[in-house]
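Numbering (the numbering used here), first residue to last: 1035 to 1190.
Down below is the structure, laid out as structure tokens.
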Amino acid sequence: MTDDTPLEDLVASLAERWEDQPPRQSPGMLGIRVINWRTLDDADAAEVWTNLRGWVIWFTRRYNLPTRKIPPCWYKHGALVEELSALHTAWLVSFDSLDAGYGPIGWHERLAVAIPRLASWYNGECHNGHTELPQAGGNAVPAEWADWIRQSHAHE
1035 MTDDTPLEDL
1045 VASLAERWED
1055 QPPRQSPGML
1065 GIRVINWRTL
1075 DDADAAEVWT
1085 NLRGWVIWFT
1095 RRYNLPTRKI
1105 PPCWYKHGAL
1115 VEELSALHTA
1125 WLVSFDSLDA
1135 GYGPIGWHER
1145 LAVAIPRLAS
1155 WYNGECHNGH
1165 TELPQAGGNA
1175 VPAEWADWIR
1185 QSHAHE
């Protein structure tokens, strides 16, 4: 292209070149995937559920959260799934390498706001007709959990 190329043609050529490029991530981002539970595909469900479950096990132990706040059947309570998933994402992002060091304290500030919401999403009893599973210890995976993660449960 020369200096006499119309501006519209230059803009069009830039757009074409950008479309050919794969999306780039900021070098400081950890590649965190925000989960939209409403649109989660069944094909991705097992990995997403497994990652969240591992974090929830760590989180409940680390912060000594009783089962009356986060029950073993948390994954069957949509609002708890949404809240825990949001906390997990915020926790992951709080360790971004471009952060000036405020990410972890920011996460704890978000956690302080989330704890009362967690209590409102689950008031100590199940209303969906299911019974609570025994608390899974270590790496034990109840058969019901293995069945559950085969689907996204996007519309529940």
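Just so it is clear, CB atoms sit at the ideal spot from N, CA and C, and this is done for glycine as well.
In this text, all values refer to a predicted model and were calculated from it rather than measured experimentally.
Using a Cβ-Cβ cut-off of 6 Å (strictly less than) and excluding sequence neighbours within five positions of residue i, which residues of its own chain qualify?
i: L1118; result: V1090
i: D1038; result: none
Roughly how far, in whole angstroms, is the beta-carbon of residue i from the beta-carbon of residue j, given that I think they are within contact range, below 8 Å?
i: W1083; j: Y1109; result: 7 Å
i: S1131; j: G1140; result: That pair is no contact at about 15 Å.
i: L1121; j: A1148; result: 6 Å
i: L1074; j: S1186; result: 4 Å
Kindly examine the ligand FMN and report whether one of its heavy atoms sits closer than 8 Å to the Cβ of residue i.
i: D1130; result: This structure lacks the ligand FMN; in fact it carries no ligand of any kind.
Does DSSP classify residue i as helix, strand or coil?
i: V1068; result: coil
i: G1135; result: coil
i: P1150; result: helix
i: E1143; result: helix
i: P1159; result: Here the sequence assigns Glu to residue 1159, which means Pro is not the residue at that position. Coil, per DSSP.
i: L1126; result: helix
i: Y1109; result: helix
i: L1114; result: helix
Leaving out the 5 sequence neighbours to the left and right, which residues in its chain are closer than 8 Å to residue i when beta-carbon positions are compared?
i: R1184; result: D1076, A1079 and A1080
i: R1151; result: E1117
i: G1068; result: The question names Gly, but residue 1068 is Val in the sequence shown. Closer than 8 Å at Cβ, skipping near neighbours: T1123.
Under 7 Å Cβ to Cβ from residue i, same chain only, skipping five residues before and after it: list those, please.
i: H1111; result: W1155 and Y1156
i: I1066; result: T1123, L1126 and V1127
i: T1094; result: I1104
i: L1086; result: L1118, S1119 and H1122
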